[in-house]
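J.: The structure under discussion is supplied below as structure tokens; questions concerning it will follow.
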Amino acid sequence: MDAQTDGFTCATTDRGNPDPMGVYSGGVDLTSLNSCDPIVLNVYFWGINRPNGQNDFPNRADHVLCGVANLNILYNEFGIYFKYRGFEEIDSPTLPNDEDGYYVLEQVIDYFNMVTWATNEGFRKPDAFNVYLFGWAGFGGGIAPNLSGSTHCGVNSSGISKVTLVHEIAHNLTIKHTRSSTEHATRDINDPNFNADTAGDAVVDTAANNGFRDNSCACYPFVDLTTCSYIGFEEDNVGDLYQIFPIDINNAMGDAYPCRQIHLTTGQGIRAREALIADVQGNFGPTLTTIASLYEPYAGEYYVTGPEPNPYNPPLFQPGFNYRFLECSCNCPEPSPYEDVSFSYTNNSLLTISKDNTGFSSITHPNHSAIQIDLDLCEPYGQNTRRCYDNWNKAADSGTVTKFEDNVFNNNVTITQKDSLTINNPNFIDNLPQGLYVIDKNYNDGSTNQTVIQKDNN
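This is how it looks when you write it as structure tokens:
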């Protein structure tokens, strides 16, 4: 295939079916959302390669993490969280007369054929939203089934860290495109022409419009692309002027593609959350996980005991959250279970990470700290500081021995530096002469441990 396109248009067609009864409130008030009761969804990414194993996106794994961060930064406002479960590259099968296979998709049907192949080959997680990252496609930059409650979508690999991923996941969550020729401009519920809650995207706080892009010229005749403002005087099908503002041009589900931002309205977020709760098709249930999963690393491992692995792959946590790793204390050579809050902790942060952080290798769990994630949780969920990791099994890098010569704590001391071999010797304390000592051990993670020893006659 030789399918090259602009890379940002969406091939998803909006369903004309009316919404199921009793699912969507049409609400636009965030206080009605109960967003402190979290809905956590697993998401997994598949990078499609050519049949020969090659692709044109060497940083695709990092871009996936950027996409995960964008999903959480946007959807967390609505009490929806995404747990990143991994990224895997897979080689497309060879197709007849097609050296690129499913890496390049020519037509919409090619995407669905690819999903069928991936499912049959075990490249689809039944307990997650599955995002397939192809190279590019003739139909645009992304696609999702127009079936309510689908849990897979396709995104071109250049759009993972951009609005395209957010857009296609929104389709999975039943959010439609904002454009429609049937939705009326009025937002006055007492106006007989009001139909914003049933026509178009069925969301009241998105502006009615019949589309900003003219596909015949791939241009935007009524949008000033330098200011992303509407400059038209178009009317709806009952003769009322559209009321369109820059925030409507910026909406992630609009088609003013150069102006789109990672933004959804409150009404769109409420619709997504209500779709997840109702789960009309029963597809969302298997993708749900717990808030505790956000406190688990997506890669790496904790040191527990014995020699430290070389190389050591520390536990890594997904981006998109505000983290504080607070100094803690417990008998926890492994992180304490999420449910265990018996450990003590202070407000001293050993590491602070912003939700906008893109240094992904820095989002790790320091020793002697507990994880605090800035989550807006309802009171029954308890504290948001969990999983104390307080491990003293590592060998010290160095240390000092302070001997109090008068056998009491005063300034008459002798301080001796010790290397790692001496300070870690299991017979080190047994071999000390009689006396009062303070032993300080220094570790490669920056922590220190101090022990007072009153040594009697051997």
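Residues in the sequence shown are numbered from 1 upward in steps of one, following our numbering.
All residues carry an ideal CB built from backbone N, CA and C; glycine is no exception.
1. Count Cβ pairs between the segment 287-298 and the segment 310-318 that sit closer than 8 angstroms; are there 3 or more?
2. How about Ile-270 and Tyr-323: do their beta carbons lie closer than 8 angstroms?
3. In three-state terms, what does DSSP make of Arg-15?
4. Measure the Cβ-Cβ separation of Asn-42 and Ile-90 and say whether it is below 8 angstroms.
5. What does the alpha-carbon distance come out to for the pair Ala-196 and Tyr-81?
6. How is the alpha helix (DSSP H) around Trp-117 delimited, first residue to last?
7. Quickly, what does DSSP pair Asn-412 with across the bridge? List them, please.
8. Spatial neighbours of Pro-18 within its chain, please: CB distance less than 8 angstroms, with the 5 preceding and 5 following residues excluded, ordered by chain position.
9. Following the continuous beta strand (DSSP E) through Ala-370, name the residue where it begins and the one where it ends.
10. Express the C-alpha separation of Asp-430 and Leu-288 in angstroms, rounding to a whole number.
11. Taking only three categories from DSSP, how would you classify Phe-87?
12. Just to confirm my understanding: we take Ile-353, look at its own chain, exclude 5 residues before and 5 after, and list those with CB closer than 6 angstroms. What are they?
13. Between which two residues does the alpha helix (DSSP H) harbouring Ile-39 extend?
14. Would you tell me roughly how many angstroms separate the C-alpha atoms of Gly-285 and Thr-226, rounded to the nearest one?
15. To the nearest whole angstrom, what separates the beta carbons of Asn-437 and Lys-394, a pair I think is in contact under 8 angstroms?
16. Tell me whether Leu-276 sits in a helix, a strand or coil according to DSSP, three-state version.
17. Closest to Ser-398 by CA distance: which of Thr-448, Gly-359, Asn-412, Phe-360 is it?
18. How many whole angstroms separate the CB atoms of Phe-222 and Ile-231, which I take to be in contact at a CB cut-off of 8 angstroms?
19. Could you tell me the distance, in whole angstroms, from the CA atom of Val-64 to the CA atom of Val-40?
20. Assuming Leu-165 and Asn-250 form a contact by the criterion Cβ under 8 angstroms, report the distance between their Cβ atoms to the nearest whole angstrom.
21. Here's a check: name, in chain order, each residue in its chain whose Cβ is nearer than 7 angstroms to the Cβ of Ala-144, leaving out the five neighbours to either side.
22. Could you give the distance in angstroms between the alpha-carbon of Asp-240 and the alpha-carbon of Gln-268?
23. According to DSSP, is Ala-292 helix, strand or coil?
24. Inspect the CB distances between the segment 21-39 and the segment 212-220 and report whether three or more fall short of 8 angstroms.
25. Quick one: Cα of Asp-188 to Cα of Ser-180, how far?
26. From Tyr-298, Glu-339, Asp-29, pick the residue whose C-alpha is nearest to that of Phe-360; which is it?
27. With Cys-328 as the anchor, note down where its beta strand (DSSP E) starts and where it stops.
28. For Glu-99 and Met-21, I'd like the C-alpha separation in whole angstroms.
29. Please confirm whether Leu-351 and Pro-335 have their CB atoms less than 8 angstroms apart.
30. Give me, in chain order, the residues of the same chain whose beta-carbon lies closer than 6 angstroms to that of Cys-378; leave out the 5 immediate sequence neighbours on both sides.
31. Residues in its own chain within less than 8 angstroms of Thr-5 by CB, not counting five upstream and five downstream?
32. Within the same chain, show all residues whose beta-carbon is closer than 8 angstroms to that of Lys-355, passing over the 5 residues directly before and after it, in chain order.
T.: According to the data block:
1. yes
2. no
3. coil
4. no
5. 28 angstroms
6. 108-120
7. According to DSSP, which records beta bridges pairwise, Asn-412 is partnered with nothing at all.
8. Thr-198
9. 369-373
10. 54 angstroms
11. strand
12. Tyr-323, Ile-363
13. It is not in any alpha helix (DSSP H) - Ile-39 instead sits in the beta strand (DSSP E) that spans 39-49.
14. 43 angstroms
15. Reading off the sequence, residue 437 comes out as Tyr, not Asn. With 8 angstroms as the limit, Tyr-437 and Lys-394 do not qualify as a contact, their Cβ atoms being about 21 angstroms apart.
16. helix
17. Thr-448
18. 6 angstroms
19. 18 angstroms
20. The pair is not a contact, with the Cβ atoms about 17 angstroms apart (cut-off 8 angstroms).
21. Thr-12, Ser-150, Cys-153, Glu-168, His-171, Asn-172
22. 24 angstroms
23. helix
24. no
25. 18 angstroms
26. Tyr-298
27. 323-329
28. 47 angstroms
29. no
30. Cys-36, Asp-37
31. In this prediction, Thr-5 scores a pLDDT of 46, lower than 50, which makes its location untrustworthy; the coordinate-derived value is nonetheless stated afterwards. Excluding sequence neighbours, Thr-5 sits near Trp-136, Ala-137, Gly-138, Phe-139, Gly-140, Gly-141.
32. Ala-69, Asn-72, Ile-73, Pro-319, Gly-320, Phe-321, Asn-322, Asp-374
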